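Visitor: Residue 129 in our numbering is what sits at position 129 of the sequence shown, and the numbering runs on without skipping anything.
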Amino acid sequence: MKLLVTGGAGYVGSVCAKVLLEAGHSVTVLDNLTTGNREAVPAEATFVQGDVPDMASEILADGGYDGVVHFAARSLVGESMEVPEEYWRDNVVATLGLLEAMRRHEVTNLVFSSTAATYGEPEQVPITEDMATNPTNPYGATKLAIDYAITSYAQAHGIGATSLRYFNVAGAYGEVGENRDVETHLIPLILQVALGHRDKIFIFGEDWPTPDGTCVRDYIHVRDLAHAHELALETNRPGSHRIYNLGSGDGYSVREVIDMCRTVTGHPIPAEVAPRRAGDPATLIASSRKIMEELGWDPQYTDLETIVTDAWAFTSQLGDRAHSARRARTVTPSR
Ligand code: UFG
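1) What residue does the alpha helix (DSSP H) around D224 start on, and which one ends it?
2) Is it buried or exposed, R89, if we count other Cβ atoms within 10 angstroms and call 16 or more buried?
3) Roughly how many angstroms separate the alpha carbons of T111 and N245, rounded to a whole number?
4) Looking only at C-alpha atoms, which of R277, S253 and N236 sits nearest to M81?
5) Put S113 into one of helix, strand or coil per three-state DSSP.
6) With Y139 as the anchor, note down where its alpha helix (DSSP H) starts and where it stops.
7) Where does the unbroken alpha helix (DSSP H) through Q192 begin, and where does it stop?
8) Whose C-beta lies closer than 6 Å to the C-beta of F314 among residues of the same chain, with five residues either side of it excluded?
9) From what residue to what residue does the alpha helix (DSSP H) around T210 run?
10) Should D207 be labelled buried (16 or more other beta-carbon atoms within 10 Å of its own) or exposed?
11) Thinking just about the alpha-carbon of each residue, which of E230, T265 and V169 is nearest to the one in V222?
12) Just grab the DSSP bridge partners of E272 for me.
13) Is the closest heavy atom of the ligand UFG to the C-beta of I116 under 6 Å?
14) When the distance is taken between beta carbons, is L20 closer than 7 Å to V401?
15) What residues are listed by DSSP as bridge partners for T263?
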């Protein structure tokens, strides 16, 4: 297939672009590089720097595209509470434009990067796709709004789409992994402590209703996640919008994740308990039975040790180079 991958310079997008290329697809990456890294885009992909939807429309106008994998989005929960207008504009308005461009240029195959944040605080775990969606922050709300829009486009205009609701994506695939200017995610932050770039990791609350009092999350390896996109693209049918959760089905507490990082890195990783982070649910665990049964998704890297080992291999080779580059960018005076 000839595919447009929006946000393909970001963490999940770049791994997915790599996996799709390896599967024999042709890939054009569109990314405005606001948060993405140009060097993460696989060399075999065509790269276009620009925004969704305008540049996406221009690319699709060239013709011959079979599908779109849409990652480009703002995706920080905390930031979305502070500047919701940017999330509604860059996530919802931009995606509506992308859907229009797909309709105009008769591209009917779409895979959309959705999130567990559409569910909010779940009534029970594991979370299945038929459970209530009550997002607790604008990030989750904008992703849910897009899911509704996609359903309408599928019904009215024959788009064949799949929304994949990611739980906690982690790990790396060789030279592509998590490398953000502003990092808020647990595993990369812990590994920065192991590298000596941070003194300690803060544990956001130890009074949660969980076995050890710290939050429990379902960590999914980015390679398994990327493979699900490939399956979705291959099985999308015009007029149908499917929604699948993507997780490993196992929950690990913050303390368990820190312990695993200590084991993998051999570093003591000092940790200090801090207040709870606003908006965090206590426990998020996915049921991914639906995608396993319907698409035959068969995750290969489900144990936390593999996830952390791959993340550490990536982070440690990136190491000081990325840290210095980040510091240099930070001190560059703005004009
Ligand atoms: N945490 C800490 N210390 C840190 C960072 C995180 O204790 O320095 C804790 C958080 O409180 C949370 C867990 O580690 O309990 C995981 O936090 P992350 O920030 O890594 O991930 P989230 O669970 O907050 O976010 C994930 C996805 C989001 C998605 C969200 C749904 O990354 O895209 O789940 O709630 F929206």
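Glycine included, C-beta positions come from ideal geometry on N, C-alpha and C. Computed from a predicted structure; not experimentally measured.
Guide: In brief:
1) Numbered from its first residue, the sequence shown carries residue 224 at position 224. Here the alpha helix (DSSP H) through D224 covers V222 to T235.
2) Taking the first residue of the sequence shown as position 1, residue 89 is located at position 89. Classification of R89: exposed, given that the 10 Å Cβ count is below 16.
3) Stepping through the sequence shown from its first residue, residue 111 is reached at position 111. Stepping through the sequence shown from its first residue, residue 245 is reached at position 245. Before going on, a small fix: residue 111 reads as Val here, not Thr. For V111 and N245, the distance between alpha carbons rounds to 13 Å.
4) Here the question's residue 81 lines up with position 81 in the sequence shown. A check of alpha carbon separations from M81 across R277, S253 and N236 identifies R277 as the nearest.
5) In the sequence shown, counting from the first residue as 1, residue 113 sits at position 113. The answer is strand: DSSP assigns S113 an E or B state.
6) The sequence position of residue 139 within the sequence shown is 139, counting from 1. Here the alpha helix (DSSP H) through Y139 covers P138 to H157.
7) If you number the sequence shown from 1, residue 192 lands on position 192. L186 to A194 is the extent of the alpha helix (DSSP H) around Q192.
8) Along the sequence shown, read from residue 1 onward, the residue named residue 314 stands at position 314. Shown here for F314: same chain residues with a beta carbon closer than 6 Å to its own, the five before and five after excluded, namely A172 and G177 in chain order.
9) Position 210 of the sequence shown, counting from 1, holds the residue named residue 210. Looking at the DSSP string, T210 is not in any alpha helix (DSSP H), and its letter there is neither H nor E.
10) Position 207 of the sequence shown holds residue 207. Burial call: exposed.
11) Indexing the sequence shown from 1 puts residue 222 at position 222. The candidate whose alpha carbon is nearest that of V222 is V169.
12) Taking the sequence shown and counting its residues from 1, the one referred to as residue 272 is at position 272. BP columns for E272 point to F202.
13) Residue numbering aside, residue 116 sits at position 116 when the sequence shown is read from its first letter. Inspection of the sequence shows that residue 116 is occupied by Ala rather than by Ile. In terms of side-chain proximity, the C-beta atom of A116 is found nearer than 6 Å to a non-hydrogen atom of the ligand UFG.
14) No information on residue 401 is available, as it lies outside the stretch 1 to 335 that the chain covers here.
15) Numbered from its first residue, the sequence shown carries residue 263 at position 263. DSSP, once it has assigned bridges, lists no residue as partnering T263.
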